[in-house]
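Engineer: Below is one structure. I have some questions about it.
Residue numbers (UniProt numbering), protein chains in the order written: chain S, 1 to 159; chain Y, 1 to 286.
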């Protein structure tokens, strides 16, 4: 392996683990009185285009199963929740982060699932297999994916 | 001070964009009359135990597309009738060490099984809550000397469909008081439990959101009076417990098994939410 590549690989590993160390774990998230979360979970800016993908992918955020988001070209968008068009005008970034992490702190009793939450759950499963979850069940989205979705939501402005 | 957004305020805001009447208008305004001679009640005032939860109850049939609804109007177009015929053929075939058929004891299926589906599930003589599948297997193992059929096996599907057809147009008639009450209470508790990593209860989808779309799926009230149903997606028959199993799995939960005590209790409770509706004897679903 040439030395240049080896250095790059080492640097990449370092950045990844540094980012990981700075992450806020699901249990340590602090919500404000209105259900918002001020601090970024990773300290890294979110990537709106990755966030758009998380929002339209079933195994990830699957936001389109319940929300119409006109900016996404996913077919058959649902209407369990309100349209997200203009969400970036209606809510602050902190409030959106809180809604994505666990919307129950903003909307009491809501059906919207907590995306960055590891429990307690009643009979948690291993994804959509119907089988019991592993002991270390990961949240539906990881910390950076939450930041990416929040960044994407911030781009949703009324024309 | 906490500043939570109350559901009522949100609902009021949402009402500007989409009135709930408009949402429910997405349900078909249609009547089911199988073969033009068997009218089926698909819409009825809710039973008193649902007060505060539902005003009216609807068959899942009303939430299906024109094409799918049409298939249930006529037995020639309803794929489940092939399974019903196989079950009726088997009705008079002797099986097991006693050399007996169902017909030997129950007579003609149209008489012997009339109204039976409408009362299921119900308590047996020992006070256990049994579904139709349990009664059938009890006759097979204890009265015919034959092997039990698997809950979701071909012969079991055929027989449960054949028996359900004999209750077409008869109102759901389950007993929920007396010794059945503890089972009903347990089923009710399950109905409102938010299972899995998605933390969704049956009510989250089928009570709070019927009429709405979850992705491409038009949510119904999750009633079971049309079961067993033919699902176009699997090109086969789906039992009540199998449907429950899939719905709980889809909340990213560890689901329960068909024939489990939990699903027996849930079946009784869900059946009771359909009081007022008629047995369809073989629904068609996407």
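Just so you know, even glycine gets a beta-carbon here, dropped at the ideal spot from N, CA and C. Since we're looking at a predicted model, the values are computed, not measured.
1) Determine the direct distance from the alpha carbon of residue 80/S to that of residue 31/S, and round the result to whole angstroms.
2) Kindly confirm or deny that the region 124-134 of chain Y and the region 198-212 of chain Y touch, where touching means at least three C-beta pairs closer than 8 Å.
3) To which residues of the same chain is residue 140/Y closer than 8 Å at the C-beta, ignoring the five residues directly before and after it?
4) Does the beta carbon of residue 189/Y sit closer than 7 Å to a beta carbon anywhere in chain S?
5) For residue 159/Y, tell me which candidate among 181/Y, 80/Y, 224/Y, 174/Y has the shortest Cα-Cα distance.
6) Please name the residues in the region 195-225 of chain Y whose beta-carbon is closer than 7 Å to at least one beta-carbon of chain S, in chain order.
7) Does any residue of chain Y have a CB that is nearer than 7 Å to the CB of residue 152/S?
8) Just mark residue 105/Y as buried or exposed, buried being the case when its beta carbon has 16 or more other beta carbons within 10 Å.
9) Note down the Cα distance separating residue 98/S from residue 76/S, rounded to an integer number of angstroms.
10) If contact means a Cβ-Cβ distance below 9 Å, which residues of the region 242-266 of chain Y contact chain S?
11) Leaving out the 5 sequence neighbours to the left and right, which residues in its chain are closer than 8 Å to residue 276/Y when beta-carbon positions are compared?
12) Answer with yes or no whether the minimum CB distance from residue 99/S to chain Y is below 7 Å.
13) Can you tell me which residues form a DSSP beta bridge with residue 155/Y?
14) For chain Y, is any of its Cβ atoms less than 7 Å away from the one on residue 103/S?
15) Tell me whether the beta-carbon of residue 167/Y lies closer than 7 Å to the beta-carbon of residue 115/Y.
16) Between residue 113/S and residue 198/Y, is the Cβ-Cβ spacing less than 7 Å?
17) So the beta strand (DSSP E) residue 51/Y belongs to, where does it begin and stop?
18) Between the C-alpha atoms of residue 267/Y and residue 274/Y, what's the straight-line distance to the nearest angstrom?
19) Give every residue of the same chain whose Cβ lies closer than 6 Å to the Cβ of residue 67/S, excluding the five residues on either side of it in the sequence, and list them in chain order.
20) What residues in the region 95-120 of chain Y bring their beta carbon closer than 8 Å to a beta carbon of chain S?
21) When burial is assigned at 16 or more other CB atoms within 10 Å of the CB, is residue 148/S buried or exposed?
22) If you draw a straight line from the alpha carbon of residue 252/Y to that of residue 71/Y, how long is it in whole angstroms?
Structural biologist: From the atom records:
1) 25 Å
2) no
3) 95, 96, 146, 147, 148, 149
4) no
5) 80/Y
6) 195, 196, 197, 198, 199, 200, 204, 208, 209, 212, 213, 214, 215, 216
7) no
8) exposed
9) 26 Å
10) 245, 246, 248, 249, 250, 251, 252, 253, 254, 255, 256
11) 41, 44, 45, 46, 47, 57, 171, 172
12) no
13) Paired residue(s): none; residue 155/Y is not in a bridge.
14) no
15) yes
16) yes
17) No beta strand (DSSP E) contains residue 51/Y, which DSSP labels as neither H nor E.
18) 11 Å
19) 81, 84
20) none
21) buried
22) 32 Å
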